[in-house]
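Undergrad: Before I ask anything, let me first share the structure, which is written out below as structure tokens.
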Amino acid sequence: METKNKATIPYWRWIPTSFALAGIIVFIFATYGPPASSSGFVSVLKGFFQWVAPDYAAAKAHYKAIPGPGSWLFAFVLGMAIGGFIAGRTSKTIPVRDMPPIWQKRFGKSRVKRYAATFFGGFLILFGSRLAGGCTLGLFISGSTQLAVSGLYFGVVIFAVAMLTARLIFGKVAEKEEIQ
Amino acid sequence: MTEIWLGLFSGIAFGFVIQRIGATDAHRMARSHLMLDADIPRFMVTAVALSALGLFGLQAVGLGRSLPLPTSIVATGLAAVIFGIGWGLAGYCPGTTWAAVGEGRMDAVFALLGGLAGTALFAQLHETLIPLLYDPTNVGQITLTDLFGNHAVAALILTVGFGVCTWGIGKLWASGERVVAFERGPDPGGDHQDHHAHMMADFRRRFWISLVLTAPILVLAPLIQKTLGIQEMMAFPGDGHVQFAFATAVFFYGGWPFLKGLYDELSEGEPGMMTLIGVAILVAYIYSSAVVFSLPGKVFFWELATLIVIMLLGHWIEMRSVMGASGALEELVQLLPSEAHLLTDSGDTEEVPVAELSEGDKVLVKPGEKIPVDGEIAAGHSSVDESMVTGESIPVEKSEGEEVIGGSVNGESTLTISVQKTGDDTYLSQVVKMVEEAQASKSKAQNLADRAAFWLTVIAVSAGVITLAAWLFTGREFVFSLERMVTVMVITCPHALGLAVPLVVAVSTSLAAGQGLLIRNRTAFEQARSLKAVVFDKTGTLTEGLFGVDLVIRLGDETEDEILKLAASLESHSEHPIANGIVEMADTREIDYPDPEDFEAISGKGAKAKVAGKTVKVVSPGYLKENGISLENDDIRKARDEGKTVVYVLVDENPIGAVALSDKVRKESRDAVSRLKEMGVQVMMLTGDAEAVAKSVADDLGLDDYFAEVLPDEKADTIKEIKGRGLTVAMVGDGINDAPALAEADIGVAIGAGTDVAIETADIVLVRSDPRDVLAIVELSRATYKKMVQNLWWAAGYNIVAIPLAAGVLYPIWHYLLPPAIGAVVMSLSTVIVAVNAKLLGRVENDRSRRTNVQGDEPAGEGSWQSGGRNDGGARAGRS
Chain A
44 METKNKATIP YWRWIPTSFA LAGIIVFIFA TYGPPASSSG FVSVLKGFFQ
94 WVAPDYAAAK AHYKAIPGPG SWLFAFVLGM AIGGFIAGRT SKTIPVRDMP
144 PIWQKRFGKS RVKRYAATFF GGFLILFGSR LAGGCTLGLF ISGSTQLAVS
194 GLYFGVVIFA VAMLTARLIF GKVAEKEEIQ
Chain B
21 MTEIWLGLFS GIAFGFVIQR IGATDAHRMA RSHLMLDADI PRFMVTAVAL
71 SALGLFGLQA VGLGRSLPLP TSIVATGLAA VIFGIGWGLA GYCPGTTWAA
121 VGEGRMDAVF ALLGGLAGTA LFAQLHETLI PLLYDPTNVG QITLTDLFGN
171 HAVAALILTV GFGVCTWGIG KLWASGERVV AFERGPDPGG DHQDHHAHMM
221 ADFRRRFWIS LVLTAPILVL APLIQKTLGI QEMMAFPGDG HVQFAFATAV
271 FFYGGWPFLK GLYDELSEGE PGMMTLIGVA ILVAYIYSSA VVFSLPGKVF
321 FWELATLIVI MLLGHWIEMR SVMGASGALE ELVQLLPSEA HLLTDSGDTE
371 EVPVAELSEG DKVLVKPGEK IPVDGEIAAG HSSVDESMVT GESIPVEKSE
421 GEEVIGGSVN GESTLTISVQ KTGDDTYLSQ VVKMVEEAQA SKSKAQNLAD
471 RAAFWLTVIA VSAGVITLAA WLFTGREFVF SLERMVTVMV ITCPHALGLA
521 VPLVVAVSTS LAAGQGLLIR NRTAFEQARS LKAVVFDKTG TLTEGLFGVD
571 LVIRLGDETE DEILKLAASL ESHSEHPIAN GIVEMADTRE IDYPDPEDFE
621 AISGKGAKAK VAGKTVKVVS PGYLKENGIS LENDDIRKAR DEGKTVVYVL
671 VDENPIGAVA LSDKVRKESR DAVSRLKEMG VQVMMLTGDA EAVAKSVADD
721 LGLDDYFAEV LPDEKADTIK EIKGRGLTVA MVGDGINDAP ALAEADIGVA
771 IGAGTDVAIE TADIVLVRSD PRDVLAIVEL SRATYKKMVQ NLWWAAGYNI
821 VAIPLAAGVL YPIWHYLLPP AIGAVVMSLS TVIVAVNAKL LGRVENDRSR
871 RTNVQGDEPA GEGSWQSGGR NDGGARAGRS
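These protein sequence lines map, in sequence, to chains A and B. 44 is the number of the first residue of the first sequence in the numbering used here; add one for each residue after it. 21 is the number of the first residue of the second sequence in the numbering used here; add one for each residue after it.
Structure (structure tokens):
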């Protein structure tokens, strides 16, 4: 099984892709500064509140700290979505699916369940990111690249907790061969 | 401005790369977390190490800004735990969420929404939490440089440390290369079913994404703002451009299938639904865009967006309900084994692929094996089960010189076969070819919605042109006339039209499924309303495919019961259908029969055993002839003339009686036939059986017509002939040999126990083997059609009034133009009516809960008994 399917991996190989991503990160450091993506959420919300409730947006410290739409941060996350779109449309092999098969094996076909879970998961990752002041990209990658101890610390903990969570959630399914 | 472009460019590159590595795939992420796939963590760690080196280089030349990280150990730790739980649960992190949303993953859209909620909550609590958790004296900002005192050393240590991590991950995690097919989505070059599922998923994705994109358009639409009284609050300068941006996305992404459909339909010269929608959205979009950028007038963005969204919904619903049971014709070919035992000149056998066999080769077929090719028996004698090929359920005795068909199963002894036909020439390949040809020749019936759409397109375009011309002619300025024209053209494409038919289809398909009718081809099902003739395959459809005893004929002193007792005793050890019929009759008459001794089959001619000390035989007429026993009896002659199968009961070689059997007519058949005739449908029968058998069944049931002794490959021709009489024909059958006829008929109906190929070819599959279900098809088809017509009226009928008003017919007199708000209300109302009306189809159908008894006696197995009396009494003799 292991060697037979080697050729069918739809993803890029990790070594060249690491170089590609590092190149992009260095480019970002050179042209802007440390990249961040969770701040993009704040940018989006700031723009929204500036429109519907300008006073609120102006009053809250968190929105004051992050630039709104029309900033690099906003453009970056928008670009990520466009990049994902282009990549998704141009790849014939990488499956774009609304539900991870492993999730379906464990929790069934209910979309509501999956969407509720990702909504809640999204809530947690962003709440956590904002509390830490950065996410996988904004704290772990950016921070570690700058040799910040907090970035490394954050990286280690998030990996460990995510692994534990995944094991708790998918545990039984993971033991079976078919989720390979 | 440069900053924006740089951000956008960086984002696109970043999003592209993380998509390609699979970080946006929550499945792969979950596998990473479960240590089943090492690639993502290795990739992340390595990328960071390389970035750190790169940044070191940048800083050496005085580039590369870094920012202080405002964090503390407690806050970061707590945050990381919360983050980690979310990451493990959703499989997305903030960055990958954006890219995954761009890809079109629905669960990521919800992660994004959840993220926005989380962000909003944190921002709200910021003032409370930050002083609580952040300690300015904390060590959060320490870097490795601080620890090691030298930037270069620190960078090196990080790189080495991460290198070790990468190596460790590679060791500890399962190899990422163990990605099997399970990981992959539907193969783009897959079969038809995959394609259909793919299309459906595509419509579904487009619908949801367009729906999300439509929300801001609705919020910004002046009409809706005015209606809700929120104009003051919501409107802002330049909101038209924002609307334009969202509408552009909806138009190109959501509208793409319709634009493509418009092109396809026009290039095929068959304007239908896609043309109507395509024209409407094209006109609305181009005109509205022109208005945004200079032209005076009003924009149609919200009409455009909702039209696309509802049409996408309609297509999605329709596809979902149409996706029925389906397999593949190839299954038929898969009946053939791929290898054969070739007999070499030296007398040894050699395994060779079937494709390499050629005419004249000798192959060996061992007991229980499938016969690989069509050929002639060169040596050996065996019974051959041809049920999978011909539908004949009884193994046929074959010996030297007789032909065998590839795909049938050899019985008890080894056969040597001389290959006659290979590849495309074999019987099975021929059947496949016939089926394909018949399917291809099926005319593409214009369905109702397309026809309605065609006329609406004609009306839309001509009304638009007339409106424009009329206003210009009366001297109005071009801009005003153009606005009227666009209004008319947009209004003519009713939103409800997108749902009118799909909703009825969905309801009727689920109703049908509830009644045991699986509709595989909607067009054929819709045609069933005008059905003029039904052709039933006899065996297993009108009849049960099981033998029942009609008559016991006395030839000596023994009573009927005594004859049955001896015969049943002997036959109780046989699995033969005739034996079953006799035993069943004895049981019905409550005759006790003893266990036979020394049971033995007389190959192809019957069986013998010792019953109560006497040698009893039940044999075919062929046995009598061979053994010189002659019999003349009027009852026997009469039974044979009626197409019955007659077997003889012999005691010590003396005939004491005969039993006449025939294939039993189903109880439901009578009901079905009489009701179909009441509806004005001609009922006919098609069979390979002898004329006498066919006639007796036809007379019994009161059929309008029958076709006897039709060879399997002639069935399709018979259907063609009936079609030639100008009748809309349904064919009901179950076997592989029915497949071409099912495909040829206007409506091919496979009956439940049918073979896969019959089901594949059929338009409708009856789950139960009840001929009355054909009646249900016709009734449901008629009711469905009626609903569709009603719905089309509800969807488009208001146009009769709305179009002239929108065109401004009343304007010259009363200065009245159809207010857009009224138009919107009417449109929504008609959509609601259409939806409710479709649901009402269920009520009509409930009146028909009349199906009562007899579901238990369906024929077992996939084949059916097809030549009950072909050999007239010699049922056990092989067909030669």
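Backbone N, C-alpha and C define an ideal beta-carbon position, used for all residues, glycine too.
#1: Between the beta-carbon of B/Ile573 and the beta-carbon of B/Ile656, is there less than 7 Å?
#2: Are there three or more Cβ pairs, one per stretch, closer than 8 Å when the region 189–200 of chain A is compared with the region 92–102 of chain B?
#3: Would you identify the three-state DSSP class for B/Met704, choosing helix, strand or coil?
#4: Ignoring anything shorter than 4 residues or poking outside the region 53–112 of chain A, list the alpha helix (DSSP H) runs there in chain order.
#5: I'd like to confirm the pairing. Which residues does DSSP put opposite B/Pro373 in its beta bridges?
#6: Run through DSSP, which three-state label would B/Asp754 get?
#7: Does the beta-carbon distance from B/Asn430 to B/Val385 come in below 7 Å?
#8: For B/Met699, does the count of other Cβ atoms within 10 angstroms reach 16, so buried, or fall short, so exposed?
#9: Do B/Ala532 and B/Leu800 have their beta-carbon atoms positioned less than 7 Å apart in this structure?
#10: Can you tell which of B/Thr326, B/Met331 and B/Gln810 has the C-alpha that lies nearest to the C-alpha of B/Phe223?
#11: For B/Gly275, go through chain A and note every residue whose CB falls closer than 8 Å to its CB, in chain order.
#12: If you measure beta-carbon to beta-carbon, which residues of the region 131–148 of chain A are closer than 8 Å to chain B?
#13: Buried or exposed for B/Val713, please, with buried defined as at least 16 other CB atoms from any protein chain shown within 10 angstroms of its CB.
#14: Could you give the first and the last residue of the continuous alpha helix (DSSP H) run that contains B/Ile102?
#15: Express the C-alpha separation of B/Ser419 and B/Ser650 in angstroms, rounding to a whole number.
#16: CB-CB under 7 Å to B/Leu363, same chain, minus the five flanking residues each way: which ones, in chain order?
#17: Examine chain A for any beta-carbon lying closer than 7 Å to the beta-carbon of B/Leu28, and answer yes or no.
#18: With B/Leu476 as the anchor, note down where its alpha helix (DSSP H) starts and where it stops.
#19: Return the chain-ordered list of same chain residues with a C-beta closer than 7 Å to the C-beta of B/Tyr818, the five sequence neighbours on each side being excluded.
#20: Taking buried to mean at least 16 other C-beta atoms within 10 Å of its own C-beta, is B/Phe130 buried or exposed?
#21: Could you tell me the alpha carbon to alpha carbon distance between B/Ile150 and A/Thr208, rounded to whole angstroms?
#22: Tell me where the beta strand (DSSP E) around B/Lys441 begins and ends.
#23: Excluding the 5 residues preceding and the 5 following B/Val510 in the sequence, name in chain order all residues of the same chain whose CB lies nearer than 6 Å to its CB.
#24: Which residue comes first and which comes last in the beta strand (DSSP E) that contains B/Val666?
#25: For the region 710–727 of chain B and the region 602–614 of chain B, state whether three or more C-beta atom pairs, one from each stretch, are separated by less than 8 Å.
#26: Do you know offhand how far B/Leu28's Cα is from A/Met123's?
#27: Can you find the residues in the same chain that come closer than 7 Å, C-beta to C-beta, to A/Val139, ignoring five residues on each side of it along the sequence?
#28: Figure out for me which residue from B/Ala827, B/Glu497, B/Val569 and B/Ile60 has the closest Cα to the Cα of B/Leu486.
#29: Can you name the start and end residues of the alpha helix (DSSP H) that B/Asp166 belongs to?
#30: For B/Ala375, which of B/His361, B/Pro387 and B/Gly367 has the nearest alpha-carbon?
#31: DSSP three-state label for A/Met142, please.
#32: Kindly indicate the opening and closing residues of the alpha helix (DSSP H) around B/Ser592.
#33: Measure the alpha-carbon distance for B/Pro291 versus B/Met705 and round it to whole angstroms.
#34: Taking only runs that begin and end inside the region 594–672 of chain B, name each unbroken alpha helix (DSSP H) of 4 or more residues, in chain order.
#35: Would you check if the distance between the CB atom of B/Lys634 and the CB atom of B/Val679 is smaller than 7 Å?
#36: Could you give the distance in angstroms between the alpha-carbon of B/Val617 and the alpha-carbon of B/Val669?
TA: Result, derived from the coordinates:
#1: With respect to the 7 Å criterion, B/Ile573 and B/Ile656 are classified as neighbours on the basis of their beta carbons.
#2: Contact check between the region 189–200 of chain A and the region 92–102 of chain B: three or more CB pairs, one atom from each, fall below 8 Å, which counts as touching.
#3: Strand.
#4: Within the region 53–112 of chain A, the complete alpha helix (DSSP H) segments at least 4 residues long are 57–74, 81–95, 97–102 and 104–108, listed from N- to C-terminus.
#5: Per DSSP, B/Glu359.
#6: Secondary structure at B/Asp754: coil, using DSSP grouped into helix, strand and coil.
#7: Contact: yes.
#8: With fewer than 16 other Cβ atoms within 10 Å, it is exposed.
#9: Yes, the Cβ-Cβ distance between B/Leu800 and B/Ala532 is below 7 Å.
#10: That would be B/Met331, whose Cα lies nearest to the Cα of B/Phe223.
#11: Within chain A, no residue comes near B/Gly275; the closest Cβ sits about 16 Å away, beyond 8 Å.
#12: In summary, the residues of the region 131–148 of chain A whose CB is separated from some CB of chain B by less than 8 Å are Gly131, Ser134, Lys135, Thr136, Ile137, Pro138, Val139, Arg140, Asp141, Met142, Pro143, Pro144, Ile145 and Trp146, in the order they occur in the chain.
#13: Counting Cβ neighbours within 10 Å, B/Val713 comes out buried, since at least 16 surround it.
#14: Segment Ile93 to Ala110, the alpha helix (DSSP H) holding B/Ile102.
#15: Approximately 27 Å between the Cα atoms of the pair.
#16: Beyond the five residues adjoining it in sequence on each side, B/Leu363 comes within less than 7 Å, by CB distance, of Thr369, Lys382, Val383, Leu384 and Thr436 in the same chain, given in chain order.
#17: Answer yes: the Cβ-Cβ gap between B/Leu28 and chain A drops below 7 Å somewhere.
#18: Bounds of the alpha helix (DSSP H) holding B/Leu476 are Leu468 to Phe493.
#19: Only Val846 and Ser850 meet the Cβ criterion.
#20: B/Phe130 comes out buried.
#21: Each residue's alpha carbon lies about 27 Å from the other.
#22: Its beta strand (DSSP E) spans residues Leu435 to Lys441.
#23: Result list for B/Val510: Ala300, Ala304, Phe320 and Glu323, in chain order.
#24: That run of the beta strand (DSSP E) goes Thr665 to Val671.
#25: Output reads no: the region 602–614 of chain B does not touch the region 710–727 of chain B.
#26: About 8 Å.
#27: Cβ neighbours of A/Val139 beyond the five flanking positions: Gly131.
#28: In the sequence as displayed, the identity of residue 486 of chain B is Ile instead of Leu. With distances taken between Cα atoms, B/Ile486 lies closest to B/Ala827.
#29: Per DSSP, B/Asp166 is one residue of the alpha helix (DSSP H) stretching across Leu164 to Phe168.
#30: Of B/His361, B/Pro387 and B/Gly367, the residue nearest in Cα terms is B/His361.
#31: In the structure shown, A/Met142 sits in coil (DSSP, three-state: anything other than H, G, I, E or B).
#32: That residue, B/Ser592, is in no alpha helix (DSSP H); it is neither H nor E in DSSP.
#33: Cα to Cα, B/Pro291 sits roughly 40 Å from B/Met705.
#34: Restricting attention to alpha helix (DSSP H) runs no shorter than 4 residues, the region 594–672 of chain B encloses them at 597–608, 641–646 and 654–661, ordered along the chain.
#35: No, the pair does not count as a contact, with Cβ atoms beyond the cut-off.
#36: Checking the sequence shown, residue 617 of chain B turns out to be Glu, not Val. A direct Cα-Cα distance of roughly 16 Å separates B/Glu617 from B/Val669.
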